[in-house]
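Participant:
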Amino acid sequence: MLLEAQELSFGYGSGPDIVSGVSLRLESGQRLGLSADSGLGKTTLCQLLSGHQKPRSGRVLLDGKPLQDWGAYCPVQLLWQHPEQAVNPRLAMKYVLEEGDQIAERVICGLGIRREWMSRYPAELSGGELQRFCIARALGERTRFLLADEMTAMLDLVTQNQIWSFLLEETQRRQIGLLVVSHSQPLLQKLCGDIVSLCGKPVFAAAGEGDKTGESTENGESGKTAPKPEIQK
Amino acid sequence: MKTRQRDNCQRDNRRAKTLAGIVLICVLLFAISAAGMLWKEEALVADFSEKNLPPCGAHWFGTDFMGRDMLVRTVTGLSLSIRLGVLTALVSAAFAAVLGIGAAVLGRAADAVVSWLIDLMLGIPHILLLILISYGLGKGFFGVAAGIALTHWTSLARLLRGEVLQLAESRFVQMARKLGHGPGYIARIHMLPHLLPQLFTGLILLFSHAVLHEASITFLGFGLAPEQPAIGIILSESMQYLSMGYWWLGLFPGGLLVLVILLFFWLGRSVCALLDPASAHL
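From first to last, the protein sequence lines stand for chains A and B. Residues in the first sequence are numbered from 3 upward in steps of one, following our numbering. Residues in the second sequence are numbered from 99 upward in steps of one, following our numbering.
#1: Buried or exposed for B:R171, please, with buried defined as at least 16 other CB atoms from any protein chain shown within 10 angstroms of its CB.
#2: In this structure, what does DSSP give as the bridge partners for A:F147?
#3: So if DSSP puts A:F12 in a beta bridge, which residue, or which two residues, is it bridged to?
#4: When DSSP builds the beta bridges, which residues end up paired with A:E131?
#5: Measuring CA to CA, which of B:L360, B:G200, B:G160 and B:N111 is closest to B:E261?
#6: Between the alpha carbons of B:W212 and B:T249, how many angstroms are there, rounded?
#7: Span of the beta strand (DSSP E) holding A:G60?
#8: Are any of the Cβ atoms in chain A nearer than 9 Å to that of B:F89?
#9: What are the boundary residues of the alpha helix (DSSP H) that B:H292 is part of?
#10: Would B:I180 and B:L372 be called neighbours here (beta carbons separated by less than 9 Å)?
#11: Shorter than 9 Å from the beta carbon of B:L277 to some beta carbon of chain A?
#12: So with CB distances below 9 Å, who are the chain A contacts of B:G280?
#13: Between which two residues does the alpha helix (DSSP H) carrying B:F193 extend?
#14: Which term fits B:W137, buried or exposed, when burial requires 16 or more other beta carbons within 10 angstroms of its beta carbon?
#15: So, does the stretch 150-158 of chain A touch the stretch 178-190 of chain A, judging by three or more C-beta pairs under 8 Å?
#16: Determine the burial state of B:M337: buried for a count of at least 16 other Cβ atoms within 10 Å of its Cβ, exposed for fewer.
#17: Take A:L69 and list the residues in its own chain whose beta-carbon comes closer than 6 Å to its own, dropping the five residues that flank it on each side.
#18: By Cβ distance below 7 Å, which residues in the same chain neighbour A:S11 in space, the five residues on each side in sequence not counted?
#19: Secondary structure at A:E29, three-state DSSP: helix, strand or coil?
#20: Kindly list the residues whose CB is nearer than 6 Å to the CB of B:A202, restricted to its own chain and excluding five residues on each side of it in sequence; keep chain order.
#21: Have a look at the DSSP bridge pairing and note the partners of B:P223.
#22: Do you know whose CA, among B:L293, B:K115 and B:A244, lies nearest A:R92's CA?
#23: Who are the near neighbours of B:R166 in its chain, counting only those whose CB is closer than 6 Å to its CB and skipping five residues on each side?
#24: Roughly how many whole angstroms lie between the Cα atoms of A:G112 and A:Q87?
#25: Kindly list, in the order they appear in chain A, the residues whose Cβ is closer than 9 Å to that of B:A274.
#26: Could you give the distance in angstroms between the alpha-carbon of A:L80 and the alpha-carbon of A:V98?
#27: When you compare the CB of A:G60 with every CB in chain B, is at least one pair closer than 9 Å?
#28: Under a CB-based cut-off of 9 Å, is A:Y236 close to chain B?
#29: Could you check if B:A118 is buried or exposed, using at least 16 other CB atoms within 10 Å of its CB as the buried criterion?
Below is the structure:
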């Protein structure tokens, strides 16, 4: 399968473009790294790719078919940086897992999720423990692509290692395409075959310079200030 | 391992105690309300040979200027207040739930209409609107009930609207949508556990409001008929006699009214303690 982003542009409300003219290709079983400075739209790009936000222009295609035409269950799942926002604070963890699409026992064991965590509420687990649940929930049977948005940024090295080695094995086994977003170059180099980086100035930093934003929003050439992807091998 | 078992034991014990408390409070409130309905006739019996008696063995709460037994009158009045309070609080909360949630999910136009209605209702002084509706509908039980039910839903509706709007935008609801779940599932699994405690708290606050407003408009003469033994009427009558030293006319009915409101408050708090994750495992 092929996940394809064609000339995606997006901005919040009537503000300037955060993501502008970004194209990207991710194949099944491929591991692609994405790095960029803060504020260049990494998270926004992930939200566009997984259908959480609709682009202003451009398309997200999965095997040539628009992402929203793939049915209610989205084959492209996003893992948020902050797991505590991605789970309902009033649901016990076993119900959080039930939200997913038939999670295999192998996944639950592989992520080191313990039985006794199942009856707890999110506030009674640590960030790393919660993130494991989020990963398990996103690894339902119909998931084909996984976007990891700085997923392990706040975890200690031992936990990071444990989670990533499981995830590499699992994605390899099921030929899941993986987009790894991170600030850590060593992590990306270790995990991914290709690394893409968004470059350019942060849109909101540029907004302070006045003349540039006026220019970019009026004549539509916002690509000058908004980040563009650049492949480096 | 031992300590964990002891913890579990303690936890189950506390949950059981809270549950027992809820049952006890419900039984108590139901008993007061039932006793009042049985004593409906006795509450009106006047005996001028026994008027203005202080509390004694035969009349625990004393008697009033017409020789009516104050215990019977107080319980009957409370019974009326509880029934009125429960009825109006339920109707009001239902209004609030329908309008508040409707405003949040039915789109911009519905939101504008409901928000305008809420602003309008909140802009008019509460008691004026209450008197107007109650008077317009012919006073009595129906007038008071309609007046209170129609004026008390606004702040709860606004609260629920905000809560639903916030939940709909939250990451975990977005995730649920991407995991293939429809609006029914999201409403049941994600919204309801957040809305129910708000609704419960709102309902209980509404109850005490309803009882106090019933008492106040009756006190002002726009509520229940003067012969009905309502708490508001008992208290307004007692005002005239307090300066003459008949303290029992105000103390016992007032005290019991406070007790009933406290019972509702405890009921609400216990229910919330059982439902809230922050305390569900303590």
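Ideal placement from N, C-alpha and C gives every residue a C-beta, glycine not left out.
Facilitator: Working from what's here:
#1: In the second sequence, the residue the question calls residue 171 of chain B occupies position 73. Buried, since its Cβ has 16 or more Cβ neighbours within 10 Å.
#2: Position 145 of the first sequence, counted from the first residue, corresponds to residue 147 of chain A. Answer is A:V78 and A:G179, bridged to A:F147.
#3: The residue given as residue 12 of chain A occupies position 10 in the first sequence. Paired residue(s): A:V21.
#4: If you number the first sequence from 1, residue 131 of chain A lands on position 129. According to DSSP, which records beta bridges pairwise, A:E131 is partnered with nothing at all.
#5: The residue given as residue 261 of chain B occupies position 163 in the second sequence. Out of B:L360, B:G200, B:G160 and B:N111, B:G200 has the C-alpha closest to the C-alpha of B:E261.
#6: For the purposes of this step, residue 212 of chain B is taken as the residue at position 114 of the second sequence. For the purposes of this step, residue 249 of chain B is taken as the residue at position 151 of the second sequence. As written in the sequence, residue 212 of chain B is Val, which differs from the Trp given in the question. So the two alpha carbons sit approximately 14 Å from each other.
#7: Position 58 of the first sequence, counted from the first residue, corresponds to residue 60 of chain A. From DSSP, the beta strand (DSSP E) with A:G60 extends over S59 to L64.
#8: With chain B running from 99 to 380 in the structure shown, residue 89 of chain B is simply not present.
#9: Locating residue 292 of chain B in the second sequence gives position 194, where the first residue counts as 1. L290 to L318 is the extent of the alpha helix (DSSP H) around B:H292.
#10: Position 82 of the second sequence, counted from the first residue, corresponds to residue 180 of chain B. Position 274 of the second sequence, counted from the first residue, corresponds to residue 372 of chain B. No, they are not a contact pair.
#11: Counting from 1 along the second sequence, the entry for residue 277 of chain B is found at position 179. Output row for B:L277: interface = yes.
#12: Start at 1 with the first residue of the second sequence, and residue 280 of chain B comes out as number 182. Near B:G280 (Cβ distances below 9 Å), the residues of chain A are A74.
#13: Counting from one through the second sequence, the residue named residue 193 of chain B turns up at place 95. Its alpha helix (DSSP H) spans residues M168 to V203.
#14: In the second sequence, residue 137 of chain B corresponds to position 39, counting from 1. Classification for B:W137: buried.
#15: yes
#16: The sequence position of residue 337 of chain B within the second sequence is 239, counting from 1. Exposed: under 16 other Cβ atoms inside 10 Å.
#17: For the purposes of this step, residue 69 of chain A is taken as residue 67 along the first sequence, with counting starting at 1. Excluding sequence neighbours, A:L69 sits near G53 and V62.
#18: As a first step, residue 11 of chain A is located in the first sequence; it is residue number 9 there, counting from the start. Closer than 7 Å at the Cβ level, and outside the excluded window around A:S11, lie D19, V21, S22, G23, P57, R58, S59 and G60.
#19: What you label residue 29 of chain A is simply residue 27 of the first sequence in a count that begins at 1. The answer is strand: DSSP assigns A:E29 an E or B state.
#20: To locate residue 202 of chain B, count along the second sequence from 1; it is residue 104. Excluding positions up to five away in sequence, the list reads R259, V262 and L263.
#21: Numbered from its first residue, the second sequence carries residue 223 of chain B at position 125. B:P223 pairs with nothing; no bridge assigned.
#22: Within the first sequence, the letter at position 90 stands for residue 92 of chain A. When each option's Cα is compared against that of A:R92, the closest is B:L293.
#23: Here residue 166 of chain B is taken as the residue at index 68 of the second sequence, counted from 1. So the list reads A144, once near-sequence residues are dropped.
#24: As a working note, residue 112 of chain A is residue 110 in the first sequence. As a working note, residue 87 of chain A is residue 85 in the first sequence. The straight-line gap from Cα to Cα measures roughly 23 Å.
#25: Taking the second sequence and counting its residues from 1, the one referred to as residue 274 of chain B is at position 176. Neighbours of B:A274 on chain A, chain order: N90 and E101.
#26: Position 78 of the first sequence holds residue 80 of chain A. Position 96 of the first sequence holds residue 98 of chain A. Near 15 Å, if we compare the C-alpha coordinates of A:V98 and A:L80.
#27: The residue given as residue 60 of chain A occupies position 58 in the first sequence. For A:G60, the answer is no, since every Cβ of chain B falls outside 9 Å of its Cβ.
#28: Coverage of chain A is limited to positions 3 through 235, which leaves residue 236 of chain A absent and any answer about it impossible.
#29: Counting from one through the second sequence, the residue named residue 118 of chain B turns up at place 20. So B:A118 counts as exposed.
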